[in-house]
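Right, one structure below, let's go through it.
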């Protein structure tokens with residue numbers, strides 16, 4: 077039966093050799109499983125409980141949810157084919173749902189690495205250096221998105237109240253507070269910018285060689301270059317700095333709802349992914365403190 081299905085997929089559905097090999101391996105895995113469970117079982121007599129047992133068995137053996145779902149997909153495709161051709165009378169996979177795929181954990185830069193990166197003594201006093209350091213500090217101390225940073229104008233910065241007015245997704249605005257260190261950095265940046273750069277628009281952050289506001293491409297490239305100085309993360313982007321902001325806030329006892337509002341997340345579930353870092357910190361504390369750990 078498997079070979080007939082593979083022939084159909086090859087010649088009628090024009091599937092690649094790689095896809096056919098994957099189908100063959102996954103269907104054989106399932107067949108071996110239900111035969112080992114009961115030698116009298118066939119593709120026609122397998123029921124949904126057997127399929128679920130197979131999924132549980134794969135998960136118990138440490139297979140990733142994505143791999144399990146891929147194998148289930150192959151079996152579902154086989155049964156759709158077999159049912160359409162009258163080879164089987166029912167599809168035991170119809171109501172079977174694969175395991176929830178794991179969300180990739182957010183990468184973040186350690187606080188010690190950010191302290192090293194933002195150390196004023198490692199930066200020059202010229203406009204280019206001041207611009208870069210101030211942008212990096214703004215990302216890390218406010219958690220804003222790259223599109224939000226690029227959209228900042230002078231009018232969006234209140235240095236007295238130490239607040240940033242940000243326009244996020246779907247043009248929703250939010251107010252983000254910032255600390256004294258960033259306030260001083262912004263004051264210094266604005267002073268040198270007004271003195272040395274001929275501005276052609278109202279953007280807060282101005283490219284030194286054009287006089288116009290920074291763009292997302294330039295910011296992404298700059299952040300990647302600068303982060304490579306202090307960390308070896310595969311992904312070095314403005315969004316990593318956003319993750320780093322959220323992680324630092326939670327590690328210093330900020331509540332999840334406050335972090336959600338600062339990040340501009342609609343749902344709290346989106347923010348919850350950052351709690352893995354605080355849990356990892358708890359595990360380290362436990363290991364260091366408990367006498368039997």
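In this note's numbering, the protein residues as written are 77 to 369.
For each residue, glycine too, the CB sits at the ideal point set by N, CA and C.
**Burial state of residue 235 (16 or more Cβ within 10 Å)** = exposed
**Message:** Can you tell me whether residue 87 is buried or exposed? The criterion is at least 16 other CB atoms within 10 Å of its CB, across all chains shown.
**Reply:** exposed
**Message:** With H, G and I counted as helix, E and B as strand and the rest as coil, what does DSSP make of residue 274?
**Reply:** coil
**Message:** Is the separation between the beta-carbon of residue 325 and that of residue 335 shorter than 8 Å?
**Reply:** yes
**Request:** Identify the continuous beta strand (DSSP E) that holds residue 241 and give its terminal residues.
**Result:** Start and end: 239-243.
**Prompt:** At which residues does the alpha helix (DSSP H) containing residue 318 begin and terminate?
**Reply:** 314-327
**Request:** Using beta-carbon positions only, say whether residue 320 and residue 184 come within less than 8 Å of one another.
**Result:** yes
**Prompt:** In three-state terms, what does DSSP make of residue 183?
**Reply:** Residue 183 falls in the coil class under three-state DSSP.
**Request:** Determine the burial state of residue 103: buried for a count of at least 16 other Cβ atoms within 10 Å of its Cβ, exposed for fewer.
**Result:** buried
**Message:** What would DSSP say about residue 295, mapped onto helix, strand or coil?
**Reply:** Collapsing the DSSP output to three states places residue 295 in a helix.
**Item:** Assigned secondary structure, residue 300 (DSSP; H/G/I helix, E/B strand, else coil)
**Value:** Per DSSP, reduced to three states, the secondary structure at residue 300 is helical.
**Request:** May I ask whether a heavy atom of the ligand HEM can be found less than 7 Å away from the beta carbon of residue 340?
**Result:** Among the components modelled here there is no ligand, and therefore nothing to report on the ligand HEM.
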